[in-house]
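To start, the structure under review is shown below, and the notes come after it.
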Amino acid sequence: MSADPRAPAPGEDDVDRIVAAWQRERPDLDVEPLQVLSRIARLAKQQARLRDAAFAAHGLDSWEFDVLAALRRAGSPYELSPGQLVAETLVTSGTMTTRVDRLIGRDLVRRRPDPRDRRGVLVQLTDTGRDAVDAAMSSLLDLEHELVATLNERDRVGLPDALRRLLLASTDRSARDYR
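The working numbering puts the first residue of the sequence shown at 134, with every later residue one more than the last.
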């Protein structure tokens, strides 16, 4: 059986193959951004699968982890308003209501009256929810440490700043283009 001619050579990835194909087919195009942004897109997809697996090992879906993690990061007493949760998780208020209801059904969060606003409620992490998110976070970080350990120290130090600049530029561009 012969090797797949579309498979990347040893030491290369799929992006190298894709870039080479574009350079061959459209030598008039500067495809340099693909070297970075296509890898970021592929890495994000792979990371999403790893995250899903880490969370599933603790009985959580990604969306459940996102809500529980937002509450955990808020610090004791681990509570936020539904509006704050919407801002933290980037979903609609209707979606958040459904999510909170489902998390209440699993005893991971509870609703309680907001003592500062008679009309408001707070969503609070239960002990069960805190234990679940803490365990899932530990598993996730174990996986992520293993992945980041493949980088040399210079890359580990420089990459966060480079990625932050790209993310901020992309966020600014998105805000301008989609108003």
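Positions of the beta carbon are idealized from the N, C-alpha and C atoms, including for glycine. Because the structure is a prediction, the values reported are computed rather than measured.
Q: Please name the residue or residues paired with Asp-247 in a DSSP beta bridge.
A: Indexing the sequence shown from 1 puts residue 247 at position 114. Paired residues: Asp-250.
Q.
Using 9 Å as the threshold, is the C-beta distance between Leu-193 and Leu-204 below it?
A. In the sequence shown, residue 193 corresponds to position 60, counting from 1. In the sequence shown, residue 204 corresponds to position 71, counting from 1. With respect to the 9 Å criterion, Leu-193 and Leu-204 are not classified as neighbours on the basis of their beta carbons.
Q: Taking Asp-199 and Thr-222 to be in contact with their CB atoms under 8 Å, please state how far apart those CB atoms are, rounded to whole angstroms.
A: In the sequence shown, counting from the first residue as 1, residue 199 sits at position 66. In the sequence shown, counting from the first residue as 1, residue 222 sits at position 89. Rounded to whole angstroms, the Cβ separation of Asp-199 and Thr-222 is 5 Å, and the two are in contact under 8 Å.
Q: Note the first and the last residue of the continuous alpha helix (DSSP H) segment covering Arg-206.
A: As a position in the sequence shown, residue 206 is number 73, starting the count at 1. Per DSSP, the unbroken alpha helix (DSSP H) holding Arg-206 starts and ends at 195–206.
Q. Does the distance from the C-beta atom of Ala-282 to that of Phe-188 stay below 9 Å?
A. Within the sequence shown, the letter at position 149 stands for residue 282. Within the sequence shown, the letter at position 55 stands for residue 188. Result no, Cβ atoms of Ala-282 and Phe-188 do not sit closer than 9 Å.
Q.
Counting C-beta neighbours from all protein chains within 10 Å, is the total for Leu-176 16 or more, i.e. buried, or is it exposed?
A. Along the sequence shown, read from residue 1 onward, the residue named residue 176 stands at position 43. Looking at its Cβ environment, which holds fewer than 16 other Cβ atoms inside 10 Å, Leu-176 is exposed.
Q: Using only alpha-carbon positions, find the residue among Val-290, His-278, Ser-214 and Asp-149 that is nearest to Arg-243.
A: Stepping through the sequence shown from its first residue, residue 243 is reached at position 110. Ranked by how close their Cα comes to the Cα of Arg-243, the residues Val-290, His-278, Ser-214 and Asp-149 have Ser-214 in first place.
(Q) Going by DSSP in three states, Glu-212 sits in which element: helix, strand or coil? (A) Translated into positions along the sequence shown, residue 212 becomes position 79. Collapsing the DSSP output to three states places Glu-212 in a strand.
Q. Looking only at its own chain, which residues have a Cβ that is under 8 Å from the Cβ of Gln-257, when we skip the five neighbours before and after it?
A. Here residue 257 corresponds to residue number 124 of the sequence shown, with the count starting at 1. Around Gln-257: Leu-204, Pro-210, Tyr-211, Glu-212, Val-242, Arg-243, Arg-244 and Arg-245.
Q: Rounded to whole angstroms, what's the CA-CA distance from Gly-216 to Pro-248? Just pull it up for me.
A: As a working note, residue 216 is residue 83 in the sequence shown. As a working note, residue 248 is residue 115 in the sequence shown. Using only the alpha carbons, I get a separation of about 16 Å.
Q.
Following a CB-centred definition, is Ala-177 positioned closer than 8 Å to any heavy atom of the ligand PLP?
A. With respect to the ligand PLP, the structure offers nothing, as it holds no ligand at all.
Q.
In whole angstroms, give me the CA-to-CA distance for Ala-174 and Pro-166.
A. Position 41 of the sequence shown, counted from the first residue, corresponds to residue 174. Position 33 of the sequence shown, counted from the first residue, corresponds to residue 166. Going from the Cα of Ala-174 to the Cα of Pro-166 covers about 12 Å.
(Q) Can you tell me whether Leu-255 is buried or exposed? The criterion is at least 16 other CB atoms within 10 Å of its CB, across all chains shown. (A) Within the sequence shown, the letter at position 122 stands for residue 255. Answer is buried; the Cβ neighbour count reaches 16.
Q. Under the DSSP definition of a beta bridge, which residues are partnered with Leu-258?
A. Taking the first residue of the sequence shown as 1, we reach residue 258 at position 125. DSSP, once it has assigned bridges, lists Val-242 as partnering Leu-258.
(Q) For a test of the three-state rule: what should DSSP assign to Leu-276, helix, strand or coil? (A) Translated into positions along the sequence shown, residue 276 becomes position 143. Note: Leu-276 maps to helix in three-state DSSP.
Q | Contact check, Ser-303 vs His-191, beta carbons under 9 Å | A | On the sequence shown, position 170 is the one that residue 303 refers to. On the sequence shown, position 58 is the one that residue 191 refers to. Taking 9 Å as the Cβ cut-off, Ser-303 and His-191 do not qualify as a contacting pair.
Q. If we count the other Cβ atoms within 10 Å of its Cβ and call it buried at 16 or more, is Glu-279 buried or exposed?
A. Counting from 1 along the sequence shown, the entry for residue 279 is found at position 146. Exposed: under 16 other Cβ atoms inside 10 Å.
Q: Ignore the nearest five residues each way along the sequence and tell me which others in Gly-227's own chain have a CB closer than 7 Å to its CB.
A: Start at 1 with the first residue of the sequence shown, and residue 227 comes out as number 94. Around Gly-227: no qualifying Cβ.
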